[in-house]
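Remarks on the structure that follows.
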Amino acid sequence: QVLRIHRTARNVEQLISLLLVLVKDPSLLGAASERVALDQLLPGIVEDHRHLTRDKGLTLVLEPMPSCEIVAPETIVQAAIGNLLRNAIESSDRGEIRIRLQADATVVIEDPGHGMSPEEISELYARVARGGRDGGGIGLDLISRLCEHLGWRLVFSSAPGRGTRTTLHLR
Numbered sequence: 002q003v004l005r006i007h008r009t010a011r012n013v014e015q016l017i018s019l020l021l022v023l024v025k026d027p028s029l030l031g032a033a034s035e036r037v038a039l040d041q042l043l044p045g046i047v048e049d050h051r052h053l054t055r056d057k058g059l060t061l062v063l064e065p066m067p068s069c070e071i072v073a074p075e076t077i078v079q080a081a082i083g084n085l086l087r088n089a090i091e092s093s094d095r096g097e098i099r100i101r102l103q104a105d106a107t108v109v110i111e112d113p114g115h116g117m118s119p120e121e122i123s124e125l126y127a128r129v130a131r132g133g134r135d136g137g138g139i140g141l142d143l144i145s146r147l148c149e150h151l152g153w154r155l156v157f158s159s160a161p162g163r164g165t166r167t168t169l170h171l172r
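In this note's numbering, the protein residues as written are 2 to 172.
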């Protein structure tokens, strides 16, 4: 737990610096980029969020991963994936949340949660586009802005009562 707290504090400090860059001059985000091995980063993100599942009857399943490397700000990658995973945990009561990394630098998170109707998904996209606050973490609005500036794409697909698939294309 102490290691997780220390790592989280360091990452929050780096994230704040990058978010200040986003506010002042988003074109500088690329300058903060480094080589990130997603297949090595993803297990740590999953472990950092496992404690959120303890009282919910949820299991986090990290599927076997291919080697995959991108050039991006590592703390932004961690924050984006962590926020999406936290959203999946918060919207689910029991079952498995499956996390998959594809060779094309795509992270897919599938949760067994309540799901969303097509109208709710449209509303979510509209809220993100308006920069609306969604509570918790750095928020989908900030993730959306970061995706826009870094050339990433965030996609949601869902059906009521059948969970949600969140897909983050990091290339």
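No residue lacks a Cβ here, since even glycine has one placed at the ideal position from N, Cα and C. Every value quoted in this text rests on a predicted model; they were computed, and no experiment measured them.
Cβ neighbour criterion (16 or more within 10 Å) applied to residue i
i, result
"Asp-112", "buried"
"Pro-74", "buried"
"Val-37", "buried"
"Gly-83", "buried"
"Ser-28", "exposed"
"Gly-114", "buried"
"Val-13", "exposed"
"Val-24", "exposed"
"Ser-93", "buried"
Sub-8 Å separation of residue i and residue j beta-carbons
i, j, result
"Ala-89", "Ile-110", "yes"
"Ala-106", "Arg-172", "yes"
"Ile-100", "Val-22", "no"
"His-50", "Leu-86", "yes"
"Leu-176", "Leu-102", "The question about residue 176 has no answer, for the chain in this structure spans 2 to 172."
"Cys-69", "Asp-40", "yes"
"Gly-45", "Arg-95", "no"
Whole-Å CB distance - residue i paired with residue j, under 8 Å assumed
i, j, result
"Thr-76", "Leu-16", "5 Å"
"Ile-6", "Leu-61", "About 20 Å; that fails the 8 Å criterion."
Residue(s) in a DSSP beta bridge with residue i
i, result
"Asp-112", "Thr-165"
Beta-carbon proximity list for residue i, same chain, < 8 Å, skipping 5 on both sides
i, result
"Ser-158", "Ile-122, Thr-165, Arg-166, Thr-168"
"Gly-31", "Leu-151"
Cβ shell of residue i (< 6 Å), same chain only, five flanking positions each side left out
i, result
"Leu-53", "Ile-90"
"Met-66", "Asp-40, Leu-102"
"Asp-161", "The question names Asp, but residue 161 in the sequence shown is Pro. Around Pro-161: Gly-116, Ser-118."
Residues near residue i by beta carbon distance below 7 Å, same chain, minus five either side
i, result
"Ser-34", "Val-72, Ala-73, Pro-74"
"Cys-148", "Arg-154, Leu-155"
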